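Going by our numbering, the sequence shown runs without a break in its numbering and finishes at 193. The beta carbon of each residue, even a glycine, is placed where N, CA and C say it ideally should be. Remember, predicted model here, so these are calculated numbers, not experimental data.
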Amino acid sequence: MQEKHRLIFYPDTILRKKTEDITDLTPSILRFIDKMKEVCAQTKGLGIAAPQVNESLSIFVTPITGTNIKTKDPIYAKDLKDWTVIINPRILSFSKEAVGYEEGCLSLPKLFSTVFRPKTIEVSFLDSQLKVHKKVLSHWFARLFLHEYDHLQGILFTDYLIGKISNGFEQTADFEEKLRLSEALQNFEAL
Ligand SMILES: [Zn+2]
């Protein structure tokens with residue numbers, strides 16, 4: 003039996019499609035959101051976007067619910083029902099200051115590299131009740147939001163590193179690193 007809603011790997015073409023905005027939370031979309039959480043939890047991901055579970059919809063989910071004020075560490079939901087659901091996200095503005103941090107992606111297993119992204123972003127999105135939110139995010143939450151937002155535009159983190167696109171910040175991947183990433187991507191394509 004082939005299940006449609008499963009983890010999708012590079013170079014599947016759905017990862018390159020710009021997603022559709024959500025206008026109504028139908029029972030099938032709600033079931034799909036639960037499936038996204040399940041797939042992300044099984045693979046121990048920090049977040050997953052709809053195209054990675056084979057639907058071109060403008061949704062991502064994360065087990066992270068907030069930041070510990072004292073330690074600045076992420077707070078994780080204990081139960082799937084408490085996960086953060088982000089629908090139709092928009093980036094309203096971003097800081098000129100960038101930070102580099104190692105990223106990986108469930109759709110590109112075992113591939114990690116440092117990506118420079120804005121330190122702070124202002125965003126809007128709908129939650130799982132389609133309620134509008136406007137927030138300023140920084141550090142790891144800004145990074146997670148941008149990584150998942152990119153998935154909804156058909157962009158992967160490696161695109162910045164191999165010079166395919168730019169997010170306005172200089173990436174530090176040197177020649178060796180670019181070669182390593184390009185070869186890794188070709189190996190995925192050959193599978
Ligand atoms: Zn990813």
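When you compare the CB positions of residue 163 and residue 175, do they come within less than 8 angstroms of one another, or not? yes
Counting only the same chain and skipping the five closest in sequence on each side, list residues whose C-beta sits under 7 angstroms from that of residue 184. 164
Less than 8 angstroms between the beta carbons of residue 93 and residue 123, yes or no? yes
Is it true that the CB of residue 99 sits closer than 8 angstroms to the CB of residue 116? Cβ distance not < 8 angstroms, so residue 116 and residue 99 don't count as in contact.
Measuring only the C-alpha atoms, how far is residue 140 from residue 148? 11 angstroms
Under 7 angstroms: does the beta carbon of residue 42 sit that close to some heavy atom of ligand 1? no
Contact defined as beta carbons within less than 8 angstroms: I believe residue 61 pairs with residue 24. What is the distance between those atoms, to the nearest angstrom? 6 angstroms
Please specify which runs of the alpha helix (DSSP H), each continuous and at least 4 residues long, are wholly inside the stretch 115-158, giving them in chain order. 141-154
Would you mind giving the Cβ-Cβ distance between residue 158 and residue 17, rounded to the nearest angstrom? I have them listed as a contact below 8 angstroms. 7 angstroms
Please classify residue 171: does DSSP put it in a helix, a strand, or coil? coil
Any heavy atom of ligand 1 closer than 7 angstroms to the CB of residue 108? yes
DSSP state of residue 162, grouped into three classes? helix
Am I right that residue 97 and residue 80 are in contact with their C-beta atoms under 8 angstroms? What's the rounded C-beta distance? Actually they are not in contact, since the Cβ atoms of residue 97 and residue 80 sit about 32 angstroms apart, beyond 8 angstroms.
Do you know offhand how far residue 37's Cα is from residue 111's? Approximately 20 angstroms, taken between the alpha carbons.
If you measure between the beta carbons of residue 53 and residue 6, is that distance less than 8 angstroms? no
Could you check whether the Cβ of residue 141 sits closer than 7 angstroms to any heavy atom belonging to ligand 1? no
Ordered along the chain, which non-local residues of its own chain (more than five positions away) have a Cβ less than 6 angstroms from that of residue 114? 104, 106
If you draw a straight line from the alpha carbon of residue 181 to that of residue 127, how long is it in whole angstroms? Using only the alpha carbons, I get a separation of about 37 angstroms.
Beta carbon of residue 82, beta carbon of residue 64: below 8 angstroms? Residue 64 sits away from residue 82, with the two beta carbons spaced by 8 angstroms or more.
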